[in-house]
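**Student:**
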Amino acid sequence: MPPRKRQYWLVKSEPSTFSFDDLLASPGRTTCWDGVRNYQARNLMRDGMRIGDRVLFYHSSTEPAAVVGVCEVVREAYPDPTQFDRRSEYFDPKSRADEPTWVMVDLRAVERLPVPLTLAELRSAPALAGMELLRRGSRLSVQPVTAEQFAAVRGLAGLR
DNA sequence: GCCAACGTTGGC
DNA sequence: GCCAACGTTGGC
Numbered sequence: 000m001p002p003r004k005r006q007y008w009l010v011k012s013e014p015s016t017f018s019f020d021d022l023l024a025s026p027g028r029t030t031c032w033d034g035v036r037n038y039q040a041r042n043l044m045r046d047g048m049r050i051g052d053r054v055l056f057y058h059s060s061t062e063p064a065a066v067v068g069v070c071e072v073v074r075e076a077y078p079d080p081t082q083f084d085r086r087s088e089y090f091d092p093k094s095r096a097d098e099p100t101w102v103m104v105d106l107r108a109v110e111r112l113p114v115p116l117t118l119a120e121l122r123s124a125p126a127l128a129g130m131e132l133l134r135r136g137s138r139l140s141v142q143p144v145t146a147e148q149f150a151a152v153r154g155l156a157g158l159r
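Under numbering that gives the first Met the number 0, the first residue of the first sequence is numbered 0, with each subsequent residue one higher.
Structure (structure tokens):
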């Protein structure tokens with residue numbers, strides 16, 4: 000079986016909740032990506048994300064909203080414990096311990112972009128015309144990104 | 001704070 | 001299974 004090609008993703012986070020700086024400050028620059036409560040986003044994490052995949056880190060609901068860094072998948076999908084924690088805002092009373100509904104992955108910071116790439120800048124880049132993030136009404140907090148889009152984002156930020 | 005877009009819930 | 005009501009996301 001040929002080795003699987005590295006795939007690319009984008010995750011959204013409100014920096015007031017968890018920022019790229021928070022990720023850099025985390026032990027091993029790594030965090031578990033808990034709290035995802037959307038089936039499509041879950042399926043992308045569970046069925047798509049593999050160790051070594053690269054992930055754009057996007058700050059949403061902030062001024063300006065922007066892609067600020069790159070991280071990588073260092074652990075593949077496993078049950079998100081917050082779904083069973085009554086005190087957690089992510090508690091899901093319908094999820095069963097023997098059949099968890101929600102999963103998370105572990106992400107490790109790879110690099111901060113030299114400059115944040117704002118939504119407006121992303122929109123003005125022809126190479127990114129098809130990006131899910133830029134679709135009207137796009138709300139998915141975990142999205143696939145093509146290799147070309149990923150390279151274009153890094154290039155726009157002045158990397159290599 | 002507004003509101004468009006979208007996902008989820010629940011009555012039928 | 002339909003669909004209206006409701007809740008959430010997230011740009012502006």
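Using N, Cα and C, we set each Cβ at its ideal position, and we do this for glycine too.
Once the 5 residues before and after GLN82 are set aside, which same chain residues still bring their CB inside 7 Å of it?
**Tutor:** Here the question's residue 82 lines up with position 83 in the first sequence. Within its own chain, the residues whose Cβ lies closer than 7 Å to the Cβ of GLN82, once the five positions on either side in sequence are excluded, are TYR89, PHE90, ASP91, SER94, PRO99, THR100 and TRP101, listed in chain order.
**Student:** So PHE56 and VAL67 are in contact, right, with Cβ under 8 Å, and what is the actual spacing, rounded?
**Tutor:** Locating residue 56 in the first sequence gives position 57, where the first residue counts as 1. Locating residue 67 in the first sequence gives position 68, where the first residue counts as 1. Indeed, because the Cβ distance is near 6 Å, the residues count as touching under 8 Å.
**Student:** Decide if TYR7 is buried, meaning its Cβ has at least 16 other Cβ atoms within 10 Å, or exposed.
**Tutor:** Stepping through the first sequence from its first residue, residue 7 is reached at position 8. Answer is buried; the Cβ neighbour count reaches 16.
**Student:** Hey, how far is the Cα of PRO115 from the Cα of ALA96?
**Tutor:** Here residue 115 refers to the residue found at position 116 of the first sequence. Here residue 96 refers to the residue found at position 97 of the first sequence. One C-alpha to the other measures close to 40 Å.
**Student:** Compute the Euclidean distance between the alpha carbons of VAL54 and LEU9, then round it to the nearest angstrom.
**Tutor:** Here residue 54 is taken as the residue at index 55 of the first sequence, counted from 1. Here residue 9 is taken as the residue at index 10 of the first sequence, counted from 1. Distance between the alpha carbons of VAL54 and LEU9: 5 Å.
**Student:** In this structure, how does DSSP classify ARG49 when only helix, strand and coil are distinguished?
**Tutor:** On the first sequence, residue 49 is found 50 positions in, with the first residue counted as 1. Looking at ARG49 - three-state DSSP - the assignment turns out to be coil, as it is neither helix nor strand.
**Student:** Please go through the segment 74-158 and give each complete beta strand (DSSP E) segment of 3 or more residues, from N-terminal end onward.
**Tutor:** 102-117 and 141-144
**Student:** Quick check: the Cα distance between ALA24 and GLU62, rounded to an integer number of angstroms?
**Tutor:** On the first sequence, residue 24 is found 25 positions in, with the first residue counted as 1. On the first sequence, residue 62 is found 63 positions in, with the first residue counted as 1. Rounded to whole angstroms, ALA24 to GLU62 spans 22 Å at the Cα level.
**Student:** Using CA coordinates, which residue listed in GLY129, GLY136, ARG135 and ARG134 is at the minimum distance from ALA146?
**Tutor:** Here residue 146 corresponds to residue number 147 of the first sequence, with the count starting at 1. Checking every option, the nearest Cα to that of ALA146 belongs to GLY129.
**Student:** Kindly identify the DSSP beta-bridge partner or partners of THR12.
**Tutor:** As a first step, residue 12 is located in the first sequence; it is residue number 13 there, counting from the start. The residue you asked about is not Thr; residue 12 is Ser in the sequence shown. Bridge partners of SER12: HIS58.
**Student:** Could you give the first and the last residue of the continuous alpha helix (DSSP H) run that contains ASP20?
**Tutor:** Numbered from 1 along the first sequence, position 21 holds the residue referred to as residue 20. DSSP places ASP20 inside the alpha helix (DSSP H), whose first and last residues are 19-24.
**Student:** Hey, out of ASP105, ALA40 and ALA124, whose CA is closest to THR30's CA?
**Tutor:** Translated into the one-based positions of the first sequence, residue 30 becomes position 31. Taking only the C-alpha atoms, the option nearest THR30 is ASP105.
**Student:** Ends of the alpha helix (DSSP H) at GLN6?
**Tutor:** As a working note, residue 6 is residue 7 in the first sequence. From DSSP, GLN6 is part of no alpha helix (DSSP H); its letter is neither H nor E.
**Student:** How would you label ALA108, buried or exposed, when you count the other beta carbons within 10 angstroms and need 16 or more for buried?
**Tutor:** Start at 1 with the first residue of the first sequence, and residue 108 comes out as number 109. Classification of ALA108: buried, given that the 10 Å Cβ count is 16 or more.
**Student:** As a quick exercise: from MET44, LEU118 and ALA156, pick the residue whose alpha carbon is nearest that of ARG135.
**Tutor:** Stepping through the first sequence from its first residue, residue 135 is reached at position 136. Nearest C-alpha to ARG135: LEU118.
**Student:** Using a threshold of 8 Å, state whether the C-beta atoms of VAL141 and ALA40 are closer than that.
**Tutor:** Residue mapping note: residue 141 aligns to position 142 of the first sequence, counting from 1. Residue mapping note: residue 40 aligns to position 41 of the first sequence, counting from 1. Yes, the Cβ-Cβ distance between VAL141 and ALA40 is below 8 Å.
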